[in-house]
Structure formats: structure tokens, C-alpha cells
Amino acid sequence: MTLEEAQKQVDNWIRTYGVRYFSELTNMAVLTEEVGELARVMARKYGDQSFKPGEKDNLDEEIADVFWVLLCIANQTGVDLTEAFRRSIEKKTKRDQDRHINNPKLKEHGK
């Protein structure tokens, strides 16, 4: 699935089942909540915390929830994620093409 297809699929779902998009501010709050849930799972799975009884390792679900809300925000603000992502990669490549390769801290990691 492409980013364009994902944006269209979310838009179709919203128009079919969701009645309408939440406001941009509400979706920003929902995104913040979803990132917090992702952070909780990450802290338990990869950090120093452990899962509480009844909690599950649903990292994939939490990442998908964050992506869903990002798609909603992109749709309602008119952002073409395919083009925006292409420009982001171009910017990072131009800016960082030598920086990470020449970073001794990164070369030492994993040895």
C-alpha cells in the first residue's frame, strides 16, 4: 500500500463510518494520546519498566494508531504525504549525507 492509498483508505473510512473528521485540534490531542500509549509500550518492552498485569505488548497496534491519526491530520489539512515524505528524505539526504557516516559514536555502536 502506498502513502496515497493509505490516505484514501482512511478518508473513505471516515466518510463511511466516522461521519466526519474530528477537528484538527482534537486530532492533535488524539495524536498526543496515541504517542503516549506507544511510549508506554516502548518503555515496558525496551526500557526499564515491566508490563503490568493485564497489559499487552501491542507495539504494532500502537504504531498503527499513531499512523492513522497522522493520516487523518494530513487529509484534513491537505497534505500529500507522498510528496511531503519525498521532500523530507531529500532534505535529510542533503543535510546529513556525510554527518552520520562520519560520526564515530555511530561507528562504535554495536561493536
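Numbering (full-length UniProt numbering), first residue to last: 1 to 111. Backbone N, C-alpha and C fix where the C-beta goes; we use that ideal spot for every residue, glycine too. If you're wondering where the values come from, they're calculated on a predicted model, not measured in any experiment.
- Across the set CYS72, VAL66 and VAL41, the C-alpha of VAL41 shows the shortest separation from the C-alpha of LEU59.
- For PHE67, the enclosing alpha helix (DSSP H) covers residues 59 to 77.
- Of all alpha-carbon atoms in ALA39, GLY47 and VAL66, the one lying nearest the alpha-carbon of VAL10 is that of VAL66.
- In this structure, the straight-line span from the alpha carbon of LYS94 to that of CYS72 is close to 29 Å.
- Here DSSP, grouped into helix, strand and coil, assigns LYS52 to coil.
- When C-beta atoms of the region 42 to 58 are compared with those of the region 74 to 82, fewer than three pairs fall below 8 Å, so the two segments do not count as touching.
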